[in-house]
Amino acid sequence: MAWITDFFLSFFVTMRDVLPIAIILFGFQHFVIRRPIPNVRRVLIGFIYVIVGLTLFLIGLEHALFPLGELMAKQLTAIDFLAPNSNRSTPLTWQDYYCVYLFAIAIGFSTTIAEPSLMAVAIKASEVSGGSIHAWSLRVAVAIGVAIGIGLGAYRIVTGLPIHYFIVAGYIIVIIQTNFAPKLIIPLAYDSGGVTTSTVTVPLVTALGLGLAETVPGRSPLMDGFGLIAFASLFPMMTVMAYAQLVDYWIKRNANKQSKHGAE
Numbered sequence: 173m174a175w176i177t178d179f180f181l182s183f184f185v186t187m188r189d190v191l192p193i194a195i196i197l198f199g200f201q202h203f204v205i206r207r208p209i210p211n212v213r214r215v216l217i218g219f220i221y222v223i224v225g226l227t228l229f230l231i232g233l234e235h236a237l238f239p240l241g242e243l244m245a246k247q248l249t250a251i252d253f254l255a256p257n258s259n260r261s262t263p264l265t266w267q268d269y270y271c272v273y274l275f276a277i278a279i280g281f282s283t284t285i286a287e288p289s290l291m292a293v294a295i296k297a298s299e300v301s302g303g304s305i306h307a308w309s310l311r312v313a314v315a316i317g318v319a320i321g322i323g324l325g326a327y328r329i330v331t332g333l334p335i336h337y338f339i340v341a342g343y344i345i346v347i348i349q350t351n352f353a354p355k356l357i358i359p360l361a362y363d364s365g366g367v368t369t370s371t372v373t374v375p376l377v378t379a380l381g382l383g384l385a386e387t388v389p390g391r392s393p394l395m396d397g398f399g400l401i402a403f404a405s406l407f408p409m410m411t412v413m414a415y416a417q418l419v420d421y422w423i424k425r426n427a428n429k430q431s432k433h434g435a436e
């Protein structure tokens, strides 16, 4: 009974949140475009599916993903795990948390590969480019960027360094890369930073950051627990542009080799 009550409460909250979107869509269709909505029955059924799906997703976040991320962070930062043979009075250093960094890198890569929004963008990019942009290669490039970003963000939480140092330095690199990367890839690279912060990545990464900030001595969940999503958005832009630069370099290199062989 408790689960059923929780489901219906989440269902009505989700319906309240989705209702403004439905009002805008149906209102523009009726009052601005002034055309009847095609397949009204299918559209309404689709909205019900959306509400039910979001309800189940929110319940899953509350009861599974958030607790799992926090539990993993607490287990990884336990003194018995990090330094089982050391003296408990000796404070831990940032090098002792290497398992945390490895876990952050792994969770960043795996969640990004499974991100539905990234799949959609990668498939469309491959279709529009006529196959010159490989969907799988783009997903891997973005996932590597997220993995690096989450690993570096975990290091920031452990050390307590100010977040703006990393963000400012990262955007300086992005601006420099923008001047040298192929022009066709720049908008896609910037979008790739946004699609990573979606349904799969955000819950686990947020739970990981809060769990680390709660268990690492001297850290505040409010001050240090957030910010990992910013790293997950920033570093994919670097790796996608770097991937495009490497591909462009190899194409030019092969073209130069072929022209030299042709001249001989």
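For the sequence shown, the residue numbers in the numbering used here are 173 to 436. A virtual CB, placed ideally from N, CA and C, is assigned to each residue, including glycine.
According to DSSP, is residue i part of a helix, a strand, or is it coil?
i           : result
residue 426 : helix
residue 340 : helix
residue 451 : Because the chain spans 173 through 436 in this model, residue 451 falls outside it and cannot be assessed.
residue 432 : helix
residue 373 : helix
residue 398 : coil
residue 278 : helix
residue 304 : coil
residue 393 : helix
residue 248 : helix
residue 265 : coil
residue 208 : coil
residue 354 : coil
residue 144 : Since the displayed the chain opens at 173 and closes at 436, residue 144 lies outside it and no answer follows.
residue 334 : coil
Taking all protein chains shown into account, decide if residue i is buried (16 or more other Cβ within 10 angstroms of its Cβ) or exposed.
i           : result
residue 284 : buried
residue 281 : buried
residue 384 : buried
residue 153 : An answer regarding residue 153 cannot be provided, because it is not within the stretch 173 to 436 covered by the chain.
residue 293 : buried
residue 278 : exposed
residue 343 : exposed
residue 220 : exposed
residue 346 : buried
residue 392 : exposed
residue 396 : buried
residue 421 : exposed
residue 195 : exposed
In the DSSP assignment, the alpha helix (DSSP H) including residue i goes from what residue to what residue?
i           : result
residue 143 : There is simply no residue 143 to check, as the chain begins at 173 and stops at 436 in what is shown.
residue 229 : 212–232
residue 328 : 307–331
residue 363 : 358–367
residue 252 : 251–254
residue 237 : Premise fails: residue 237 is in no alpha helix (DSSP H) and is neither H nor E.
Residue i: which of the options sits nearest, CA to CA?
i           : options            : result
residue 413 : 379, 324, 314      : 314
residue 319 : 424, 402, 229      : 402
residue 310 : 206, 429, 410, 204 : 410
residue 382 : 237, 201, 179, 230 : 237
residue 224 : 200, 256, 178      : 178
residue 369 : 193, 191, 274, 288 : 288
residue 362 : 334, 290, 393, 424 : 290
residue 207 : 213, 215, 198, 193 : 198
residue 298 : 265, 276, 357, 316 : 357
>> Contact between the segment 319–337 and the segment 268–282 is defined here as three or more beta-carbon pairs at a separation below 8 Å; is this criterion met?
In response: yes
>> For the structure I just gave you, are there three or more beta carbon pairs, one from the segment 329–348 and one from the segment 404–413, closer than 8 Å?
In response: With a cut-off of 8 Å, the segment 404–413 and the segment 329–348 count as touching, because enough Cβ pairs lie within range.
> Below 8 Å, can you find three or more Cβ-Cβ pairs linking the segment 371–387 to the segment 301–308?
Replying inline: no
>> Within 8 Å, do at least three Cβ pairs link the segment 241–250 to the segment 387–396?
In response: Judged by Cβ distances under 8 Å, the segment 387–396 makes contact with the segment 241–250, as three or more pairs qualify.
> Pairing CB atoms from the segment 353–361 with CB atoms from the segment 225–237, are three or more of them under 8 Å?
Replying inline: Short answer: they don't touch.
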